[in-house]
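This report refers to the structure that appears directly beneath it.
Protein chains: 2
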Amino acid sequence: MTFHDLARELNLSTATISRALSRPEIVAPQTRTRVLDAVRRSGYQMNGIARSLRTQSTQTIGIIVSDICNPFFSAIVKAVEDVARTNGYTVLICNADEDGRNEEVAMRLFVERQVSGVIRCSAGANPSLLETLRQKSIPLIDLDRQSGRPNIDAVILNNALGASLGTRHLVELGHKRIAIVSGPLHLSNARDRLEGFRKTLRTARISIPRNYIEFGDFREASGYQAAERLLSLPCRPTAIFVANNEMMAGTLLAVRQRKVKVPRELSLVGFDDARWARYLEPPLTVVSQPAELMGQKAAELLLTRLHGRATPQTIVFEPELIVRRSCAEPKN
Amino acid sequence: MTFHDLARELNLSTATISRALSRPEIVAPQTRTRVLDAVRRSGYQMNGIARSLRTQSTQTIGIIVSDICNPFFSAIVKAVEDVARTNGYTVLICNADEDGRNEEVAMRLFVERQVSGVIRCSAGANPSLLETLRQKSIPLIDLDRQSGRPNIDAVILNNALGASLGTRHLVELGHKRIAIVSGPLHLSNARDRLEGFRKTLRTARISIPRNYIEFGDFREASGYQAAERLLSLPCRPTAIFVANNEMMAGTLLAVRQRKVKVPRELSLVGFDDARWARYLEPPLTVVSQPAELMGQKAAELLLTRLHGRATPQTIVFEPELIVRRSCAEPKN
DNA sequence: TTGTAAGCGTTATCAA
DNA sequence: TTGATAACGCTTACAA
Chain A
68 MTFHDLAREL
78 NLSTATISRA
88 LSRPEIVAPQ
98 TRTRVLDAVR
108 RSGYQMNGIA
118 RSLRTQSTQT
128 IGIIVSDICN
138 PFFSAIVKAV
148 EDVARTNGYT
158 VLICNADEDG
168 RNEEVAMRLF
178 VERQVSGVIR
188 CSAGANPSLL
198 ETLRQKSIPL
208 IDLDRQSGRP
218 NIDAVILNNA
228 LGASLGTRHL
238 VELGHKRIAI
248 VSGPLHLSNA
258 RDRLEGFRKT
268 LRTARISIPR
278 NYIEFGDFRE
288 ASGYQAAERL
298 LSLPCRPTAI
308 FVANNEMMAG
318 TLLAVRQRKV
328 KVPRELSLVG
338 FDDARWARYL
348 EPPLTVVSQP
358 AELMGQKAAE
368 LLLTRLHGRA
378 TPQTIVFEPE
388 LIVRRSCAEP
398 KN
Chain B
68 MTFHDLAREL
78 NLSTATISRA
88 LSRPEIVAPQ
98 TRTRVLDAVR
108 RSGYQMNGIA
118 RSLRTQSTQT
128 IGIIVSDICN
138 PFFSAIVKAV
148 EDVARTNGYT
158 VLICNADEDG
168 RNEEVAMRLF
178 VERQVSGVIR
188 CSAGANPSLL
198 ETLRQKSIPL
208 IDLDRQSGRP
218 NIDAVILNNA
228 LGASLGTRHL
238 VELGHKRIAI
248 VSGPLHLSNA
258 RDRLEGFRKT
268 LRTARISIPR
278 NYIEFGDFRE
288 ASGYQAAERL
298 LSLPCRPTAI
308 FVANNEMMAG
318 TLLAVRQRKV
328 KVPRELSLVG
338 FDDARWARYL
348 EPPLTVVSQP
358 AELMGQKAAE
368 LLLTRLHGRA
378 TPQTIVFEPE
388 LIVRRSCAEP
398 KN
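So the protein sequences, as listed, match chains A and B. Note that this note's numbering has the first sequence beginning at 68, numbered continuously upward. Note that this note's numbering has the second sequence beginning at 68, numbered continuously upward.
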């Protein structure tokens, strides 16, 4: 069933059918109802592909997320999908799984599919794809992680501040031996968190042994390994700051296996507030980010970009320290 | 940049360009490399919309999920996206938020976008849309929840068995006053779980007071309210079976507020194994489902439907009881 | 207010 | 092995 069929049935031209559906106000009231009735009766559904080809607009936004099972990212996807749907947009999703190559194939698929715009939480893909986007003038919003490229809209957290908040909490409790499980340095959020951590300790005149800085890839297994190394050090840290929730899950595993008492023997501060952080015993002190708000803002920003050009901006959200019971004064 | 441009640049016809890219083996080796080189140099990206219009195929699969922040569904989305991406498909996502109306607008958008197929975890949309899908011969896989319509592929859990497993565990511990927080009856999985619960108690000759059966909508708030009612009963249950993880989160809130001791005063069995269930104190005994496997299977099933017609089947996965420490013998 | 017809960027059919 | 050309199903000048 196409416009052609409807047109013949009603003795109209396809142009009129099209107008009746897209801009009803410019067709005669009675033809309009004739068309609308026929559409309802026949259950006709517009072919969006044809329309997209003609109008050069797919009303689709692509989102790339680095780990959809991480509640931080599910919240973002939820928010984006929500504003997209209510604005008549549809969302293509790609789960990069913290792997830049997946992100690259997704980006390529996205431009092939002619998405109207993309929101991405980069896993660190090759930046050459950005050029392609620019050529096709497909707007891009970087979310959570910045590419470092100038002139790209971004909505991020003040990660340095977040790390400071968490670290300072530990310092104020009296800790001197504080370690970090950092994310990979090719991601801006990991860099910023590490920097915030370092700066806070520097101003507190606390030195950081080289082996108190461990790197993971933001996934659980790497957090476990990092924690294992930290906990087997001859001079164990009395506190660990873990730079995201997945790595915290891994850290907890190590902590439990070794039967380390939290917070008596070890204080723990996490990043991102997941439901399980609250449910843990003891409940976890974390730096939390307003994930839904960030997703929503990113989607809205993209929508405004789609409606009119403007100069790129980066929107920064503020983290919040949520003190629960995983930190205490150091005993030794 | 289009085939037209490339064709002029290389003194070829658009037909040849098309062939060189889609079926390289049927063009002369040297023209082929000439074309491929030009494509690489220019960074040309195929317009998938135009191709889709011509070939009547979008290589897109739509997925509808009832609550993307629920780890059970994130795992499903992850699995589906994974098999989709590796097969050259792209996935459109809709988060119905347990609301049938959202599901309906998504379905409509999906058919407009001419998706190749859809996988849905229904929130209970109007079944009339199924007719539209059939007309356009867009295959549908029901996942986790069955529409009740015959002749529709489905991949589900043996929910009755799951509920039996959980309930029997409680019975064997000696509980006589067992309540349930059930999902909404318009969803097949909720019905089946309730049925499994009932049947198990019937064969154990344990009667269920009418007010021991509470209904929620599979979301946290409703779980809280249901638990509140249960816990304020004059004759409190000694055990509660909660039919999904979100409602369990709500139940736990009520339990904590009232300072009810688990498992001493109240035994708890949940459905779906989330990370927080393990981390809880005491760790939660749950019926678990192989979410990733189910998502993967659904995607694979859809792919085979896309490649050749066959008679619809329903694939049933087996639940597993994971005994942790939230259940004990009743004290009173 | 409606119709005619061109065109969006591909693929597929038919000839050459 | 390649080229002309007609679709695919819509939208939009322009004309009537």
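By construction, the Cβ of each residue, glycine as well, lies at the ideal position given by its N, Cα and C atoms.
May I ask you to report which of helix, strand or coil DSSP gives D164/A? coil
Mind checking Q356/A: buried by the 16 CB within 10 Å criterion, or exposed? buried
Would you please verify whether the beta carbon of K145/B is less than 8 angstroms from any beta carbon of chain A? yes
Taking C-alpha atoms, which residue in E385/A, L298/A, V238/A, D72/A lies nearest to E332/A? Residue L298/A is the option with its Cα nearest to E332/A.
In the DSSP assignment, what residue or residues form a beta bridge with F308/A? F308/A pairs with I247/A, V336/A.
Helix, strand or coil for D149/A? Go by DSSP, reduced to three states. Per DSSP, reduced to three states, the secondary structure at D149/A is helical.
Cβ-Cβ distance between F308/B and T234/B below 8 angstroms: Taking 8 angstroms as the cut-off, the beta carbon of F308/B is found closer than this to the beta carbon of T234/B.
According to a CB-to-CB cut-off of less than 9 angstroms, which residues of the stretch 308 to 326 of chain B neighbour chain A? A316, L319
So which residues on chain B does C161/A lean against when the C-beta distance must stay under 9 angstroms? From the beta-carbon of C161/A, the residues of chain B found nearer than 9 angstroms are E148, R152, T157, V158.
Mind checking whether S141/A and C394/B have CB atoms under 8 angstroms apart? no
Residue burial classification, L252/A (beta-carbon count within 10 angstroms, cutoff 16): exposed
In chain A, which residues lie less than 7 angstroms from Y478/B when you measure between Cβ atoms? This structure cannot speak to residue 478/B, because chain B is shown only from 68 to 399.
Could you tell me whether any Cβ in chain B is nearer than 8 angstroms to the Cβ of T81/A? Not one chain B Cβ lies under 8 angstroms of T81/A.
Rounded separation between S85/A and D166/A - CA only: 44 angstroms
Flag this pair as yes or no: are the beta carbons of I206/A and L73/A separated by less than 8 angstroms? The question names Ile, but residue 206/A is Pro in the sequence shown. Cβ atoms of P206/A and L73/A: not closer than 8 angstroms.
Reference S133/A, options Y111/A, L120/A, R187/A, closest by Cα: Closest option to S133/A, judged by alpha-carbon separation, among Y111/A, L120/A, R187/A: R187/A.
Nearest to L237/A (by Cα), restricted to the options P386/A, S334/A, A227/A: S334/A
As a quick exercise: from D164/A, Y156/A, A163/A, pick the residue whose alpha carbon is nearest that of C161/B. Y156/A
Nearest residue (CA-CA) to I389/B, options R90/B, D340/B, I275/B, K398/B: Of the candidates R90/B, D340/B, I275/B, K398/B, the one whose C-alpha sits nearest the C-alpha of I389/B is D340/B.
Would you list the residues sitting across from I130/B in a DSSP beta bridge? I160/B, I186/B
Let me check one thing: in DSSP terms, what residues is A221/A bridge-paired to? D209/A, T381/A
Hey, could you find the ends of the beta strand (DSSP E) S204/A is sitting in? Taken as a continuous stretch (DSSP letters only), S204/A belongs to no beta strand (DSSP E), as it is neither H nor E.
Establish whether the CB of S119/B and some CB of chain A are separated by less than 8 angstroms. yes
Work out the CA separation of S119/B and S204/A for me, nearest whole Å. So the two alpha carbons sit approximately 21 angstroms from each other.
Would you mind stating whether P208/A and L368/A have Cβ atoms separated by less than 8 angstroms? One point to set straight first is that residue 208/A is Ile, not Pro, in the sequence displayed. At the C-beta level, I208/A and L368/A come within 8 angstroms of one another.
Check the Cβ of E348/B against every Cβ in chain A and list those closer than 7 angstroms, keeping chain order. E348
Could you give the C-beta distance for I116/B and I116/A, rounded to a whole number, given that I count them as a contact under 8 angstroms? That belief holds up - the Cβ atoms of I116/B and I116/A are roughly 6 angstroms apart, short of 8 angstroms.
Chain B beta carbons: is any one of them nearer than 8 angstroms to that of V353/A? no
Would DSSP call I135/A helix, strand or coil? coil
Is V327/A near the ligand NAP, with its Cβ less than 7 angstroms from a heavy atom? Among the ligands in the structure shown, none appear at all, so the ligand NAP cannot be discussed.
Counting along the chain, where does the beta strand (DSSP E) carrying S355/B start and finish? 352 to 355
Buried or exposed for D164/B, please, with buried defined as at least 16 other CB atoms from any protein chain shown within 10 angstroms of its CB. Within a 10 Å sphere around the beta-carbon of D164/B sit 16 or more other beta-carbons, which makes this residue buried.
Taking any Cβ of chain A, which residues in the stretch 162 to 194 of chain B have a Cβ under 9 angstroms from it, in chain order? Listed by position, the residues of the stretch 162 to 194 of chain B near chain A (Cβ gap below 9 angstroms) are N162, D164, N169, V172, A173, R175, L176, F177, V178, E179, R180, Q181.
Using the C-alpha atoms, what's the distance from R272/A back to F338/A? 23 angstroms
Indicate whether I247/A and A310/A have their beta-carbon atoms separated by less than 8 angstroms. yes
From the DSSP output, in three-state form, read off E287/B for me. Helix.
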